[in-house]
Amino acid sequence: MKVLVVGGGGREHALAWKIGQSNRVERVFVAPGNAGTATDEDAPLENVEIADSDIPAQIEFAKQNNIDLAVIGPEVPLAAGVVDALTEAGVRAFGPAQQAAELEASKVFCKNLLRHADVAQAEFRTFADAESALSHLNAREDAPAVVKADGLAAGKGVIVCDNRAEAIDAVKRIAGDGAGGQEGEFGAAGRQLIIEERLVGQEASVLAITDGQTILTMPAAQDHKPAHDGDRGPNTGGMGAYSPTPLVTDELMSHVEEKILVPTVHQMKRSRRPFRGVLYAGLMITKHGIKVLEYNVRFGDPECQPLMMRLQSDLVDVLGATVDGRLDEVKPMQWDPRLSVCVVMASEGYPAAYEKGHPIRGLDAAAQLPDVKVFHAGTKLSDGQTVTSGGRVLGVTALGDTVSQAKLQAYTAVKCIRWDGAWCRKDISDKALG
Ligand code: AMP
Ligand code: GLY
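For the sequence shown, numbering that gives the first Met the number 0 assigns the number 0 to the initial residue and increments by one for each residue that follows.
Rendered as structure tokens:
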């Protein structure tokens with residue numbers, strides 16, 4: 000089989016690496032990939048110079064190279080309809096159709112769908128302009144709130160506010176000041192907005208693969224979104240993750256399946272938007288039960304990295320059966336019983352502006368450690384040398400019998416690696432220790 004993975008981050012390196020280990024797979028092309036997918040010696044990977052947003056070029060490549068399966072990593076091409084376009088061109092493609100990707104691409108759509116499905120979530124109201132949102136805030140008691148842009152905003156369209164004044168400011172940032180029809184920081188993504196109740200609790204990510212009928216749940220993971228230790232600083236795409244997390248007990252997982260995932264998949268079907276792909280529930284475990292913060296329609300990044308590190312089943316079988324609508328024929332996925340911790344190493348300045356092009360040293364030493372895999376995210380090859388090219392640069396991932404052992408091994412590998420301005424959080428997985 001020949002597989003095309005679309006995307007160039009840590010998630011796509013982890014997916015391509017796992018897919019390439021299937022004995023049915025002869026080659027995995029990654030569009031555009033990174034230095035890690037260009038040089039990985041564990042699997043037959045090869046980069047192709049096609050942007051993750053260039054759908055016509057992906058179709059052309061898939062047809063010319065007889066691609067048997069395309070796997071789409073990021074949300075932007077999914078929301079733009081890449082799966083519909085590939086399918087129409089006769090290419091089997093893993094991921095939701097454009098209409099189903101609305102679950103992530105429109106937070107208003109998601110909130111309304113969850114309401115119809117009777118799935119627990121934060122109380123909310125939606126607004127089509129800044130004026131109505133501002134008058135709602137002025138009429139409401141002065142309390143913590145979360146203001147969200149409706150559309151895709153690379154994880155930045157959610158502003159958690161302590162009080163009314165901050166919420167007013169957030170509305171103006173997202174939707175403009177309500178005067179002169181000017182758009183906010185997130186452009187069209189902020190044309191509708193949500194103001195919702197601020198929930199308090201621990202967060203966890205539960206990812207499941209579904210063909211719209213059968214649901215295969217993966218072990219729960221926990222992301223670390225804030226930039227600095229102790230969950231301080233600005234939000235990022237995710238500074239590290241580990242799996243499984245003891246926060247989600249077996250009992251809680253059954254509850255998530257029965258009361259959250261199953262009703263969501265049913266409601267999507269009833270809305271004539273059958274969901275096929277990865278359903279990623281961002282959850283908050285509150286005093287009043289577990290609630291959905293958001294859905295993503297793809298593997299999480301970095302969560303995908305510790306998950307792929309533990310997956311023992313053939314991923315291609317699962318992805319192919321999903322596309323073909325016969326996930327009921329696939330055995331439950333098998334997981335390494337050990338824990339996995341992934342520490343993201345980032346460029347100085349991230350999530351704000353950062354420099355690129357710094358040579359990375361010590362990758363070979365890190366790779367020689369047992370039970371370690373360094374997935375690449377923002378890297379590229381320059382004259383044969385691996386250099387930084389993004390904010391999140393590497394996902395240093397390790398297995399261990401206990402969370403402390405996995406953490407120690409991941410940070411031992413981190414210590415081997417250096418470039419000018421490299422940094423990481425030092426506390427990834429500490430929440431598992433209570
Ligand atoms: P989202 O993209 O909706 O997952 O939001 C990004 C982050 O914002 C989440 O991981 C939470 O940390 C936070 N967040 C979102 N919604 C809420 C809420 N209703 N209450 C508290 N925090 C929230
Ligand atoms: N780790 C969060 C995300 O992938 O959206």
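Glycine residues also receive a C-beta, built at the ideal position from the N, C-alpha and C atoms.
If you follow the alpha helix (DSSP H) that residue i is part of, which residue opens it and which one closes it?
i, result
"V81", "81 to 87"
"A104", "97 to 104"
"F60", "54 to 63"
"A481", "Within the shown structure, residues of the chain are numbered from 0 to 433, placing residue 481 beyond reach of any answer."
"L192", "Looking at the DSSP string, L192 is not in any alpha helix (DSSP H); the run it does join, the beta strand (DSSP E), is 192 to 196."
"P76", "74 to 78"
"A37", "34 to 38"
"H254", "249 to 255"
Residue i and residue j look like a contact to me (Cβ under 8 Å); what is the Cβ gap, rounded to whole Å?
i, j, result
"A226", "T213", "With a Cβ gap of about 38 Å, A226 and T213 do not count as contacting."
"A240", "E302", "5 Å"
"L251", "I289", "6 Å"
"Q300", "G9", "This sequence places Asp at residue 300; Gln is not what is there. Rounded, the Cβ-Cβ distance is 6 Å, consistent with contact."
"L3", "A37", "Between A37 and L3 the Cβ distance is about 15 Å, and since that is not below 8 Å, they are no contact."
"N46", "T378", "Going by Cβ atoms, the distance from N46 to T378 rounds to 12 Å, so no, they are not a contact pair."
"P305", "S242", "4 Å"
"H375", "G420", "Contact doesn't hold; Cβ gap of about 17 Å is too wide."
"S52", "V75", "6 Å"
"A397", "T244", "About 16 Å separates the two Cβ atoms, so there is no contact after all."
"L338", "V247", "Wrong, their Cβ atoms sit about 13 Å apart, outside the cutoff."
"L151", "A188", "6 Å"
"G281", "S204", "6 Å"
"D210", "L326", "4 Å"
"V5", "Q63", "16 Å between Cβ atoms; not a contact."
"Y90", "A121", "Note that residue 90 corresponds to Val in the displayed sequence, not to Tyr. Actually they do not touch by this definition, with Cβ atoms about 39 Å apart."
Might you give, ordered along the chain, the residues of its own chain that have their beta carbon closer than 6 Å to the beta carbon of residue i, omitting 5 neighbours on each side?
i, result
"F123", "K110, I193, E195"
"S21", "D313, V315"
"A166", "L136, A144, V146, C160"
"M283", "L198, G200, E202, K290, L292"
"N295", "E103, Y279"
"V82", "A92, G94, A96"
"R272", "Q98, A99"
"G175", "A129, Q181, E182, G183"
"C341", "G239, A240, P301, Q304, P305, G394, T396"
"M0", "R23, V24, D67"
"F298", "R10, V277"
"G361", "C415, I416, R417"
"T86", "A92"
Below 8 Å CB to CB, which residues in the same chain sit around residue i once its five sequence neighbours on both sides are set aside?
i, result
"P262", "A116, D117, V118"
"Y349", "A226, T235, G390, R391"
"G229", "D426"
"G232", "P225, A226"
In chain order, what residues of the same chain lie with their CB nearer than 7 Å to the CB of residue i, ignoring the 5 residues before and after it?
i, result
"Q311", "Q333, W334, D335"
"A366", "V373"
"K17", "M307, L310, L314"
"E328", "A320"
"D141", "N162, R163"
"E48", "P31"
"S270", "L112"
Can you tell me where the beta strand (DSSP E) with residue i in it begins and where it stops?
i, result
"T235", "Careful: T235 lies outside any beta strand (DSSP E) and carries neither H nor E."
"K17", "Taken as a continuous stretch (DSSP letters only), K17 belongs to no beta strand (DSSP E), being part of the alpha helix (DSSP H) at 9 to 18."
"M344", "338 to 345"
"S21", "Run containing S21: none; DSSP gives neither H nor E here."
"V4", "1 to 6"
"G239", "239 to 242"
"Q120", "That residue, Q120, is in no beta strand (DSSP E); it is neither H nor E in DSSP."
"E45", "44 to 46"
"T213", "That residue, T213, is in no beta strand (DSSP E); it is neither H nor E in DSSP."
"I71", "68 to 71"
"H223", "Segment: none, H223 is in no beta strand (DSSP E) and carries neither H nor E."
"V493", "Any property of residue 493 remains undetermined from this structure, which presents the chain solely from 0 to 433."
"A144", "144 to 148"
Does residue i come within less than 9 Å of chain C when only Cβ atoms are used?
i, result
"A365", "Chain labels in this structure do not include chain C; a single protein chain is all it has."
query = Can you list every residue whose CB sits closer than 5 Å to some heavy atom of the ligand GLY, going in chain order?
reply = For the ligand GLY, the selected residues are D222, G237, G299, D300.
inquiry  = Extract the residue ranges of the alpha helix (DSSP H) inside the segment 356 to 427, only unbroken runs of 4 or more that lie entirely within it.
reply    = Within the segment 356 to 427, the complete alpha helix (DSSP H) segments at least 4 residues long are 362 to 366, 402 to 415, listed from N- to C-terminus.
inquiry  = Restricting to runs no shorter than 3 residues, where is the beta strand (DSSP E) found entirely within the segment 150 to 188?
reply    = 157 to 160
query = Curious, which full-length beta strand (DSSP E) runs of at least 3 residues does the segment 257 to 334 contain?
reply = 276 to 285, 288 to 295
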